[in-house]
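See structure below.
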Amino acid sequence: MGKHPGDLLSKLMSSSSSSSIQHTLLSEIIDNRPSPPRNRLIEGDIVLIAMLGFACLNAKPNCRPTMKLVSQQLLAPKTLLAKRFSDVSLGQLMFPTEISLNPNLGHGCFAKTLH
5 MGKHPGDLLS KLMSSSSSSS IQHTLLSEII DNRPSPPRNR LIEGDIVLIA
55 MLGFACLNAK PNCRPTMKLV SQQLLAPKTL LAKRFSDVSL GQLMFPTEIS
105 LNPNLGHGCF AKTLH
């Protein structure tokens with residue numbers, strides 16, 4: 005738990021280790037110093053922030069979320085995760101479908117989802 009973010013990003017950018025990283029669980033890489041989330045809404049907030057963070061890493065600038073969209077997502081009413089927090093993988097955060105908290109997060113290109 006709590007691996008250095010630079011190491012994680014380097015592995016994500018490397019095509020050889022990218023597929024193995026996608027199977028890594030979010031709970032394995034988050035900082036373990038704060039107590040683990042005990043509330044499903046807080047778990048959802050953590051997943052949302054991680055999803056937005058991965059969306060900001062998109063190689064195509066027009067597919068990254070705008071700051072307006074990020075703020076809208078953070079302020080939007082929250083729903084519970086569709087799956088257990090301990091089962092959310094990095095691959096699901098990078099390509100959200102079944103864990104989506106908001107329909108706009110289930111698309112690959114943020115710029116095209118909100119017109």
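According to the working numbering, the residues represented by the sequence shown are 5 to 119, in order.
Glycine residues also receive a C-beta, built at the ideal position from the N, C-alpha and C atoms.
As the structure is a prediction and not an experimental result, all values here were calculated from the model.
Assigned secondary structure, residue i (DSSP; H/G/I helix, E/B strand, else coil)
i   : result
S90 : helix
L29 : strand
A63 : coil
L97 : helix
L56 : helix
R44 : helix
I34 : coil
S24 : helix
The alpha helix (DSSP H) enclosing residue i, as first and last residue numbers
i   : result
S75 : 71–79
Backbone CA spacing between residue i and residue j [nearest angstrom]
i    : j    : result
S75  : L56  : 10 Å
A143 : L84  : Not covered by the structure: residue 143. The range shown for the chain is 5 to 119.
S31  : G48  : 13 Å
I25  : P81  : 30 Å
N66  : S93  : 25 Å
M71  : P100 : 19 Å
Q77  : T28  : 25 Å
L52  : I34  : 14 Å
K87  : R44  : 10 Å
Cβ neighbours of residue i in the same chain (closer than 7 Å, five flanking residues each side left out)
i   : result
R68 : A59, C60, N62, F114
P41 : E47, I50, F89
Cutoff 6 Å; reference residue i; Cβ partners in own chain excluding five residues on either side
i   : result
S90 : S31
L97 : A54, M55, F58
G95 : Q26
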